[in-house]
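Colleague: First to last, the sequence lines map onto chains A and B. If you read the first sequence in the working numbering, its first letter stands for residue 42, the second for the next number, and so on. If you read the second sequence in the working numbering, its first letter stands for residue 7, the second for the next number, and so on. All C-beta atoms in this analysis are idealised placements derived from N, C-alpha and C, irrespective of residue type, glycine included. Fair warning: this is a prediction, and the values are worked out from it, not measured in the lab. Below you will find the structure I want to go over with you.
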Amino acid sequence: MDYFIELFCSGLTRGSIYALIALGYTMVYGIIGLINFAHGEIYMIGAFTSFIVATVLSIYGFPLAAIVVVAGVAAAIWSSAYGYTVEKIAYKPLRHAPRLAPLISAIGMSILLQNYVLLAQTSDFLPFPELIPEFAFMEPIAHIIGSSDIVILLTTTVVMLALTFLIKFTRIGKAMRATAQDRTMALLVGINVDRVISATFIIGSALAAIGGLLIASHIGQINFAIGFIAGIKAFTAAVLGGIVYSGSCSGEPDSGPDRKFCHRLYFQ
Amino acid sequence: MFFNWRKKVKLKMRTNPLVTAAAVALVTMLPIAGLAGDTIKIGVAGAHSGDLASYGLPTVNAAKLVVDELNAKGGVNGKKVELLIEDDACKPEIATNSATKLVSQGVDAVIGHICSGATKSALPIYKAAGVILISPSATNPELTQSGDYPNFFRTIASDDMQAKAEVDYALNALGVKKIAVIHDKGDYGKGLAEFAKGFIEKSGKGEVVLFEGVTPGAVDYSAIVQKIRQAKADAVIFGGYHPEASKIVSMMRKKRMDTVFLSDDGVKDDTFIKVAGKDAEGVYATGPQDNSKNPVAQVAIAAHKKAYNSDPGAFYESAYSAALAIMNAIEKADSTEIAAVTKALRTENVETPVGNIHFDEKGDAVGVGFAMYQVKNGKYVEVK
Chain A
42 MDYFIELFCS GLTRGSIYAL IALGYTMVYG IIGLINFAHG EIYMIGAFTS
92 FIVATVLSIY GFPLAAIVVV AGVAAAIWSS AYGYTVEKIA YKPLRHAPRL
142 APLISAIGMS ILLQNYVLLA QTSDFLPFPE LIPEFAFMEP IAHIIGSSDI
192 VILLTTTVVM LALTFLIKFT RIGKAMRATA QDRTMALLVG INVDRVISAT
242 FIIGSALAAI GGLLIASHIG QINFAIGFIA GIKAFTAAVL GGIVYSGSCS
292 GEPDSGPDRK FCHRLYFQ
Chain B
7 MFFNWRKKVK LKMRTNPLVT AAAVALVTML PIAGLAGDTI KIGVAGAHSG
57 DLASYGLPTV NAAKLVVDEL NAKGGVNGKK VELLIEDDAC KPEIATNSAT
107 KLVSQGVDAV IGHICSGATK SALPIYKAAG VILISPSATN PELTQSGDYP
157 NFFRTIASDD MQAKAEVDYA LNALGVKKIA VIHDKGDYGK GLAEFAKGFI
207 EKSGKGEVVL FEGVTPGAVD YSAIVQKIRQ AKADAVIFGG YHPEASKIVS
257 MMRKKRMDTV FLSDDGVKDD TFIKVAGKDA EGVYATGPQD NSKNPVAQVA
307 IAAHKKAYNS DPGAFYESAY SAALAIMNAI EKADSTEIAA VTKALRTENV
357 ETPVGNIHFD EKGDAVGVGF AMYQVKNGKY VEVK
């Protein structure tokens, strides 16, 4: 039974991690039908940004809570800028091209960003500071579920609720749903489709950046290549959870423990 | 691309005869310079980029230092030594390219490759071309013990000796009974893990409670950590490299497990301590013997500090030894011809940072072994 609970908890955590990244995939796929392979790289850039900001802030002796918030916000903004730019450079010119063309350009973007970080930073693994502290009240059950697992679970839940609210009840959410259903028709009724697509990339990238911060702090190390595998796994989660976007993001949370058990059954 | 370039040259040929003359001169001169044969060409191949670059770059430094010193003294047998450096990123598929490139540039011997998998895939190319390969770090036993590669030598002991050192230490010095053997599915890690499993079973003193592989580069390793706990292992023997080791150790400590962690020279690297931080404390790893008392090693390390203003990295000493050994053999053989150099490597002893060595029939260095180290206060310290 203990074993089951342990597996269940770490399955939930892992599922939440992938869900945070998978949301970005799903949103983009839903709206422009593109599998954004550069998304994992955006996540990696988020992790690196928060690493740099957190290191600088901790040198100046800021309290941990301030570091987490500032690093998170900085990473989200920086990654959003990357997501926005990638869309403008690599996908927008190909909006009316055959479907394979933007896919190839997405893979190209992924390789470009990876190597850019490799050259700008380092090829080595870097020790990521422990941004999520070990809570004292968690100590009795620390062998089953850690503090960072709890924080990841809570953050993912909050982010998903916020996103559901955004999609269902706000103006931009309505515009997104409309664009997802029929882009031409959305244009005809006066929705600025380009702006909606940009917004999608910005939101997805910000989520990936938050994921980057949480996961890097959970695992404790980063390097330039972490985005690739995380991206592939999140993509799997997105497919299993249902990549077709219909205004809610209920698909992903289920895939956590499922994925974990499947993984154990079939791959190990 | 190529066609465009040719077109441009043709265009210029019509317009500017001077450029034509220069181009013709360039094209015809290059091969002459290449064929002159007034240098001894030594290739240096290994991981110089990617996440295992920290294993490969010290070898480049070592080779440069040895060769610079020789050239300053007038070279070997009156010829200058020239280094050709090729990156294989520790990937077998890239290593074959590096090997082909080095062979086509006419190397006389190669120092490398660094990783066992890359070495294995590159060896047949060197064998066919009659090029000697001397590796400072490829520890896969097959490479020498299969007898397939008479052109292969190494200045580091093979994995079975390393696995034996780990198992002996775990069973005898630490007295553990239940051991989980984990590996990274690679040539090096899995090979080592299989040897460790074999030695544990043969000893009769311990029991292998878990034998499993993990996928390198995965996001987290909580599943394998839970399995280790479930198996109630007292110790973990891990075959693989430091990126996976540090994640597994950190995850174990995070789950409040104090299971002993033993690993290999793929983990005995300061990057491991840097990344795992406080979780690295107490981890055991085997590595080449401590040679700090050896005067040749002291000279080699001092040279590195002088030239690069830093401490040498992983496999520096064995790489320095490999470079000394091959240069010594070429000098004693007074030739770069493979049979003569092979004979010299096997018969002529040479003073190196890893000791006074020569090579046996299979290509392993005689007089090189492993020692056990433990992380104490952020440093690897030798334990007895």
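Provide the residue(s) that pair with Ile117(B) in DSSP beta bridges, ordered along the chain.
Modeller: Within the second sequence, numbered from 1, the residue matching residue 117(B) stands at position 111. For Ile117(B), which the question treats as bridged, DSSP gives the partners Val50(B), Ile140(B).
Colleague: In the structure shown, what three-state DSSP assignment does Arg235(B) receive?
Modeller: In the second sequence, residue 235(B) corresponds to position 229, counting from 1. Note: Arg235(B) maps to helix in three-state DSSP.
Colleague: Roughly how many whole angstroms lie between the Cα atoms of Lys170(B) and Ile243(B)?
Modeller: In the second sequence, counting from the first residue as 1, residue 170(B) sits at position 164. In the second sequence, counting from the first residue as 1, residue 243(B) sits at position 237. Straight-line Cα distance between these residues: approximately 11 Å.
Colleague: Which residue from Phe92(A), Thr277(A), Ile208(A) puts its Cα closest to that of Val114(A)?
Modeller: Sequence index remark: in the first sequence, residue 114(A) carries index 73 (1-based). Ranking Phe92(A), Thr277(A), Ile208(A) by Cα distance to Val114(A) puts Phe92(A) first.
Colleague: Give me whichever residues DSSP pairs with Arg160(B) in a beta bridge.
Modeller: Indexing the second sequence from 1 puts residue 160(B) at position 154. Ser141(B), Asp370(B), per the DSSP bridge assignment.
Colleague: Please work out which residues of its chain come closer than 7 Å, Cβ to Cβ, to Ala95(A), disregarding the five sequence neighbours upstream and downstream, and give them in chain order.
Modeller: Within the first sequence, residue 95(A) is the residue found at index 54, counting from 1. Counting only Cβ-Cβ distances below 7 Å, and skipping sequence neighbours, we find Ile108, Ala112, Pro170, Leu172.
Colleague: Helix, strand or coil for Val289(B)? Go by DSSP, reduced to three states.
Modeller: For the purposes of this step, residue 289(B) is taken as the residue at position 283 of the second sequence. In this structure, Val289(B) counts as coil in the three-state DSSP scheme.
Colleague: My assumption, with CB atoms under 8 Å, is that Ile138(B) sits in contact with Asn157(B). Please give the rounded CB distance.
Modeller: Looking up residue 138(B) in the second sequence gives position 132. Looking up residue 157(B) in the second sequence gives position 151. 5 Å between Cβ atoms; contact.
Colleague: Check the C-beta distance from Ile213(A) over to Ile72(A) and give it rounded, since I have them as a contact under 8 Å.
Modeller: Residue numbering aside, residue 213(A) sits at position 172 when the first sequence is read from its first letter. Residue numbering aside, residue 72(A) sits at position 31 when the first sequence is read from its first letter. At roughly 12 Å, the Cβ-Cβ gap does not stay under 8 Å, so Ile213(A) and Ile72(A) are not in contact.
Colleague: Can you tell me where the alpha helix (DSSP H) with Asn233(A) in it begins and where it stops?
Modeller: Working through the first sequence from its first residue, we reach residue 233(A) at position 192. Neither: Asn233(A) is in no alpha helix (DSSP H) and is coded neither H nor E.
Colleague: From Lys385(B), Asp340(B), Val73(B), Lys349(B), pick the residue whose C-alpha is nearest to that of Ala306(B); which is it?
Modeller: Translated into positions along the second sequence, residue 306(B) becomes position 300. Of the listed residues, the one whose Cα sits closest to Ala306(B) is Val73(B).
Colleague: Any residues in the segment 141-171 of chain A with a beta carbon nearer than 7 Å to a beta carbon of chain B? Which ones, in chain order?
Modeller: So the list reads Ser164, Asp165, Phe166, Pro168, given in the order they occur along the chain.
Colleague: By a C-beta neighbour count over all protein chains shown, 10 Å radius and 16 as the cutoff for buried, is Val116(B) buried or exposed?
Modeller: Here residue 116(B) is taken as the residue at index 110 of the second sequence, counted from 1. Buried, since its Cβ has 16 or more Cβ neighbours within 10 Å.
Colleague: Is Ser51(A) close to chain B, meaning its C-beta is less than 8 Å from at least one C-beta of that chain?
Modeller: Within the first sequence, residue 51(A) is the residue found at index 10, counting from 1. Yes, its Cβ sits closer than 8 Å to a Cβ of chain B.
Colleague: Using only the alpha-carbon positions, how far apart do Gly40(B) and Ala313(B) sit?
Modeller: Stepping through the second sequence from its first residue, residue 40(B) is reached at position 34. Stepping through the second sequence from its first residue, residue 313(B) is reached at position 307. Residue confidence for Gly40(B) is low, a pLDDT of 42 falling below 50, so the modelled location carries little weight and cannot support an answer.
Colleague: If you reduce the DSSP assignment to three classes, tell me which class Gln295(B) lands in.
Modeller: Residue mapping note: residue 295(B) aligns to position 289 of the second sequence, counting from 1. Note: Gln295(B) maps to coil in three-state DSSP.
Colleague: Can you look up Ile185(B) in the DSSP assignment and give me helix, strand or coil?
Modeller: Within the second sequence, residue 185(B) is the residue found at index 179, counting from 1. Strand, per DSSP.
Colleague: Taking only beta-carbon positions, decide if Ser55(B) is within less than 8 Å of chain A.
Modeller: Locating residue 55(B) in the second sequence gives position 49, counting from the first residue. Yes, its Cβ sits closer than 8 Å to a Cβ of chain A.
Colleague: Can you check whether the CB of Val302(B) is closer than 8 Å to the CB of Phe267(B)?
Modeller: Working through the second sequence from its first residue, we reach residue 267(B) at position 261. Working through the second sequence from its first residue, we reach residue 302(B) at position 296. Not in contact: Phe267(B) and Val302(B) (Cβ atoms no closer than 8 Å).
Colleague: What would DSSP say about Asp93(B), mapped onto helix, strand or coil?
Modeller: Counted from its first residue, the second sequence places residue 93(B) at position 87. Strand.
Colleague: Within the continuous beta strand (DSSP E) that includes Glu357(B), where are the two ends?
Modeller: Along the second sequence, one-based indexing puts residue 357(B) at 351. It spans 356-358 - the beta strand (DSSP E) in which Glu357(B) sits, taken as one unbroken run.
Colleague: Measuring straight from C-alpha to C-alpha, what distance separates Ser246(A) and Ile260(A)?
Modeller: Residue numbering aside, residue 246(A) sits at position 205 when the first sequence is read from its first letter. Residue numbering aside, residue 260(A) sits at position 219 when the first sequence is read from its first letter. Between Ser246(A) and Ile260(A), the C-alpha separation is close to 21 Å.
Colleague: Assign Tyr379(B) to buried or exposed, taking buried as 16 or more other Cβ atoms, counted over all protein chains shown, within 10 Å of its Cβ.
Modeller: By 1-based counting over the second sequence, the position of residue 379(B) is 373. So Tyr379(B) ends up on the buried side.
Colleague: On the premise that Ala101(B) lies in contact with Ala392(B), defined as a C-beta separation below 8 Å, what is that separation, rounded to the nearest angstrom?
Modeller: Absent from the structure is residue 392(B), since the part of chain B shown begins at 7 and ends at 390.
Colleague: Using the rule of at least 16 other Cβ atoms within 10 Å of the residue's Cβ for burial, across every protein chain shown, is His137(A) buried or exposed?
Modeller: Stepping through the first sequence from its first residue, residue 137(A) is reached at position 96. Classification of His137(A): exposed, given that the 10 Å Cβ count is below 16.
Colleague: Determine the burial state of Glu323(B): buried for a count of at least 16 other Cβ atoms within 10 Å of its Cβ, exposed for fewer.
Modeller: Residue numbering aside, residue 323(B) sits at position 317 when the second sequence is read from its first letter. By the neighbour-count rule (16 or more Cβ atoms within 10 Å), Glu323(B) is buried.
Colleague: Please list, in chain order, the chain A residues whose beta carbon lies closer than 7 Å to that of Gln236(B).
Modeller: Position 230 of the second sequence, counted from the first residue, corresponds to residue 236(B). By Cβ distance, chain A contributes Tyr44.
Colleague: Answer yes if the segment 43-53 of chain A comes into contact with the segment 230-237 of chain B, meaning at least three C-beta pairs across the two stretches below 8 Å, and no otherwise.
Modeller: As far as the Cβ criterion goes, the segment 230-237 of chain B touches the segment 43-53 of chain A, which means the pair count is three or higher.
Colleague: Determine the burial state of Thr65(B): buried for a count of at least 16 other Cβ atoms within 10 Å of its Cβ, exposed for fewer.
Modeller: Along the second sequence, read from residue 1 onward, the residue named residue 65(B) stands at position 59. So Thr65(B) ends up on the buried side.
Colleague: Following the continuous beta strand (DSSP E) through Gly71(A), name the residue where it begins and the one where it ends.
Modeller: In the first sequence, residue 71(A) corresponds to position 30, counting from 1. First-last for Gly71(A): 43-73, but that is the alpha helix (DSSP H), not the beta strand (DSSP E).
Colleague: Of all the residues that make up the segment 70-97 of chain A, which are near chain B by a beta-carbon distance shorter than 9 Å?
Modeller: The residues in question: there are none.
Colleague: For the segment 178-206 of chain A, enumerate the residues whose C-beta is nearer than 7 Å to any C-beta of chain B, in chain order.
Modeller: Listed by position along the chain: Ala183, His184, Gly187.
Colleague: Ala266(A) CB to nearest chain B CB: under 8 Å?
Modeller: Translated into the one-based positions of the first sequence, residue 266(A) becomes position 225. Yes, contact with chain B.
Colleague: Return no unless some Cβ of chain B is closer than 8 Å to the Cβ of Glu128(A).
Modeller: Mapped onto the first sequence, residue 128(A) falls at position 87. False, the Cβ-Cβ gap to chain B never drops below 8 Å.
Colleague: Which residues mark the beginning and the end of the alpha helix (DSSP H) in which Glu171(A) is found?
Modeller: In the first sequence, the residue the question calls residue 171(A) occupies position 130. It is not in any alpha helix (DSSP H) - Glu171(A) carries neither H nor E in the DSSP assignment.
Colleague: How many angstroms separate the CA atom of Ala79(A) from the CA atom of Leu198(B)?
Modeller: What you label residue 79(A) is simply residue 38 of the first sequence in a count that begins at 1. What you label residue 198(B) is simply residue 192 of the second sequence in a count that begins at 1. Going from the Cα of Ala79(A) to the Cα of Leu198(B) covers about 36 Å.
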